[in-house]
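Since the structure comes first, as structure tokens, the remarks are kept for the end.
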Amino acid sequence: MGDVKDKIQARLPGLPRFLGMQITEATKDRLAGTFQVQEAHCNGTGFVHGGALMTFADTLGALGAILNLRAGQWTTTLESKTNFLAAAALGVTLTGTTTPLHRGRRTQIWETAITDEAGRLVAKVTQTQMVLVMDAKPA
2 MGDVKDKIQA
12 RLPGLPRFLG
22 MQITEATKDR
32 LAGTFQVQEA
42 HCNGTGFVHG
52 GALMTFADTL
62 GALGAILNLR
72 AGQWTTTLES
82 KTNFLAAAAL
92 GVTLTGTTTP
102 LHRGRRTQIW
112 ETAITDEAGR
122 LVAKVTQTQM
132 VLVMDAKPA
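All the letters of the sequence shown, read from the start, carry residue numbers 2 to 140 under this note's numbering.
In structure tokens form, the structure reads like this:
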């Protein structure tokens, strides 16, 4: 598991790296990570911006989907629904945990819970990942 987690961490793209995301767990059935809310992640009132939470969850869900793809497949987010449930202040470390609700041939659905250091639910995100076949010929 550590090897997969480390490989994912090393390949995080720009925006997740900007968040300072750290991947803490990576299996086909569960992916988790953390990030600490910094001033650049806030909405101007000292609390984390919703877009930072959505980026965090979208990245975790996409990575979960990627771990379940076959050779020649890729994924992209088709739909995402976020419920914001509590504020997270500057300096708080958030934890996101994503698990699959559906892993089909054409779509995968992942649910991510984002909690603060006290275990309080800050946001719940459900996203649909479309499975793309990279070597398919156009019809």
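We treat Cβ as the ideally placed atom computed from N, Cα and C, and that holds for glycine.
- Contact between residue 110 and residue 97 does not hold, since the beta-carbon distance rounds to 16 Å and is not under 8 Å.
- DSSP places residue 29 outside both helix and strand once states are collapsed to three, so it counts as coil.
- Annotated three-state conformation of residue 112 is strand, per DSSP.
- Inclusion of residue 130 and residue 66 in the CB contact set at 7 Å is warranted, their separation being smaller than that value.
- Counting every other CB atom within 10 Å of its CB across the protein chains shown gives residue 14 a total below 16, marking it as exposed.
- Taking C-alpha positions only, residue 100 is separated from residue 46 by approximately 31 Å.
- By DSSP's assignment, residue 131 forms a beta bridge with 77 and 108.
- The residue from 119, 20, 27 and 105 with its alpha-carbon nearest to that of residue 54 is 20.
- When C-beta atoms of the region 70-86 are compared with those of the region 29-42, fewer than three pairs fall below 8 Å, so the two segments do not count as touching.
- Taking the Cα of residue 118 as reference, the smallest distance to any Cα among 112, 90 and 50 is reached at 90.
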